[in-house]
Amino acid sequence: MRFSKVFLSESTDASLGVISGIKRFPSREICTPVAFTYTKGGSVPHLTREVLEMAFDASMPVVMPAENIAFAYEAVKVFQNGMTSFSGLSESIFWCSQFDHAVNSPKSLNQKDKVALWTRFGKKLIDADSYMDMMEAFKPDLFTVLSNNDTNKTSSNKQTRKSVDQSISLLQKCVERHKNSSILKDTGILAGIQGGYNVHDRTRCAETMSKAEVDGFVIDGLFTNGLEVENITFEDIEPVIKVTMDHLPKDKLKAVYGAWNPDVILKLVDMGVDLFDTSLAYLSTEKGCALNFKYPKTTKRSSEVLETVPTKKSASSECNLLTNGVATVDKPDDDLLVNGNWCVINTMPGGQPVFSDRIVNSVSSEDTNVQNEKETRKDTNKTDELNHKSKLPKLNTPPDPPKKKATPAEVEEKSAAKYSSFEFSLRDPSVREEFIPLDPDCLCLTCKKHTRAYIHHLLKTKELLAPVLLMIHNLHHYQMFFENIRHNVKHCGKAFI
Ligand SMILES: [Zn+2]
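Residue numbers (the numbering used here): 1094 to 1590.
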């Protein structure tokens, strides 16, 4: 596996890169920053292979955590053709990560040379040799070495020191096995940088691991997986991310796991992180929510940018924002101009747009006038739409029965109705009569054919189709988010505009 930078921003540490040289797919290139598709048990959650083919490019790159496919190890070992063939995703570039970062981990109780993986059959203590045996059976195109990531914001200095010491020891053993393995010698290898929120331990870990014979690094140990990541701000992680990046080689791949707030993702891209995953799309689906944040593309043309941001092109090609052969559409999104400024827009149930406080990058007055005219037309259309909606017959739905004490299901529903800044809940009764797509501007299969009201009904009746439709939208939404990130890095030199 090779990784090369093809564009370096002068104003930030953001860059565009290309992952290539994959042994199974020698002609394929993946442009970074990119989010590999999160999988569970070897498949994209809720989506069969046939649905993937219908709604997406079925050869999308995937990340399969060893923790949630460990149960298949013996079978895959006998099968001999690797995990992607075993699970019907043989066309996908396969990154095997270590832990399932979408599921909250119990306390690991690691031992000196062993790390706990929480499989569906319980805790499995695993050492470096056992882990590399697993990698040889799974045959990934890229994998993260075994490390101790059992740290978060509350970890003591003793815990962060232990995680670094153990991770360095495990890395040395895994790298040695990697060099001597005929099966894995062409496989990309990522080291897990640990140290929690302790700047000293982060520095020590990054300095040591930067000398290892690896293709890149995962900045890990920031949270103990699952939804805990939603409560972590960029300000929380900035000091340790900065000190880690400062000590790592600029030209190697950098990855961060997890369902981070999209604003944090943007800032991580601007700090030089290249590789992410789509666990946010999965976790949002599990809550019965639809991602609805919008992220603007810059209107700058490449010719304007070239005057201020010099590009470095690879010998093979300019990074043209392709992912699996799907080209980026360079059309600016008109809906993202508010009072002449770009901003993040969330559309809450009820059709009420909620605008972020973060107003950035003013545009020219000429553009503003054109945009105001477009907005006026759009407002007129929206008024027509609302008038039409008011004429629709009300659903003859019986009122909810009086409740004395909330049942567990009701508590769950109430909890899921909480809004984050980037998603809204389809369990919320307010969407019961919303006969509009999840996102009127979205081109995914779900938004083309189905309404919020229908998906609300599916969730209420616990139909399995509900998470299928939500997953299609959320995954598509997250892929478009990264497409826009690549566009802005290329044309503006930064993701956070
Ligand atoms: Zn959609």
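Quick reminder that beta carbons are idealized off the backbone N, C-alpha and C, glycines included.
Owing to the predicted nature of the structure, the values given are computational and were not obtained by experimental measurement.
DSSP three-state call for I1590: helix, strand or coil?
In the three-state reduction of the DSSP assignment, I1590 falls in the coil class, being assigned neither a helical nor a strand state.
Let's see if you can read the secondary structure: which residues bound the beta strand (DSSP E) around E1516? E1516 -> beta strand (DSSP E) spans 1516 to 1518.
Using 8 Å as the Cβ pair cut-off and three pairs as the minimum, do the stretch 1152 to 1166 and the stretch 1227 to 1239 touch?
-> Contact holds between the stretch 1152 to 1166 and the stretch 1227 to 1239, because three or more Cβ pairs, one in each stretch, are under 8 Å apart.
- request: Using three-state DSSP, classify A1209 as helix, strand or coil.
  value: Here DSSP, grouped into helix, strand and coil, assigns A1209 to strand.
Exercise. How about V1155 and T1125: are their beta carbons less than 8 Å apart?
Worked result: Going by C-beta atoms, V1155 is not nearer than 8 Å to T1125.
_I'd like to know if the stretch 1377 to 1388 and the stretch 1563 to 1577 are in contact, where contact means that at least 3 CB-CB pairs between them fall below 8 Å._
As far as the Cβ criterion goes, the stretch 1377 to 1388 touches the stretch 1563 to 1577, which means the pair count is three or higher.
ask   = Is it the case that the CB of H1569 approaches a heavy atom of ligand 1 more closely than 7 Å?
value = Checking the 7 Å criterion, the Cβ of H1569 is within range of a heavy atom belonging to ligand 1.
Is H1543 close to ligand 3? I mean its beta-carbon at under 7 Å from any heavy atom of the ligand. By its list of ligands, the structure shown excludes ligand 3, since it contains just ligand 1.
Rounded to whole angstroms, what's the CA-CA distance from R1470 to F1179? Just pull it up for me. Note that R1470 scores a pLDDT of 43, beneath 50, so its modelled location is shaky; the value from the coordinates is reported in the next line. One C-alpha to the other measures close to 52 Å.
Q) Taking all protein chains shown into account, do 16 or more other C-beta atoms lie within 10 angstroms of the C-beta of D1521, making it buried, or fewer, making it exposed? A) Buried, since its Cβ has 16 or more Cβ neighbours within 10 Å.
Can you tell me whether F1214 is buried or exposed? The criterion is at least 16 other CB atoms within 10 Å of its CB, across all chains shown. Label assigned to F1214: exposed.
Worksheet item: ligand 1 heavy atoms versus the CB of L1531: any closer than 7 Å?
Response: The answer is yes for L1531.
- request: Classify V1156 as helix, strand or coil using the three-state DSSP reduction.
  value: In the three-state reduction of the DSSP assignment, V1156 falls in the strand class.
query: With 16 other CB atoms within 10 Å as the buried threshold, where does E1516 fall?
result: With 16 or more Cβ atoms within 10 Å of its Cβ, E1516 is classed as buried.
> So what does DSSP say about T1177, is it helix, strand or coil?
Replying inline: Looking at T1177 - three-state DSSP - the assignment turns out to be helix.
If you compare alpha carbons, which of A1128, L1263, R1525 is closest to G1351? If we check each option's Cα against that of G1351, A1128 comes out closest.
Report task. Find out if the Cβ-Cβ distance for the pair A1299, L1538 is shorter than 8 Å. Result -> No, these two residues do not count as a Cβ contact at 8 Å.
- Task: Keeping to the same chain, check which residues put their C-beta closer than 8 Å to that of M1564; ignore five residues upstream and five downstream.
- Result: If we look at M1564 and ignore the five residues flanking it on each side, its Cβ neighbours are V1137, P1138, H1139, L1140, A1374, Y1375, T1378.
Inset, instruction - Could you pull out every residue in the same chain whose Cβ sits closer than 6 Å to the Cβ of S1248, ignoring the five residues on either side in sequence? - result: Answer for S1248: G1289, listed in chain order.
Below 7 Å, is the gap between the Cβ of H1566 and the nearest heavy atom of ligand 1? Yes, the Cβ of H1566 comes within 7 Å of a heavy atom of ligand 1.
Practice prompt. Spatial neighbours of T1237 within its chain, please: CB distance less than 6 Å, with the 5 preceding and 5 following residues excluded, ordered by chain position.
Written response: Only S1190, Q1191, L1283, G1285, V1311 meet the Cβ criterion.
Using a threshold of 7 Å, is the CB atom of T1371 nearer than that to any non-hydrogen atom of ligand 1? No, Cβ of T1371 sits at least 7 Å from all heavy atoms of ligand 1.
*Comparing alpha-carbon positions, which option in K1587, R1297, N1197 lies nearest S1256?*
Checking every option, the nearest Cα to that of S1256 belongs to R1297.
Residues near S1317 in its chain [Cβ-Cβ closer than 6 Å; skip 5 each side] = What sits at residue 1317 in the sequence shown is Thr, not Ser. Result list for T1317: S1198, N1245, in chain order.
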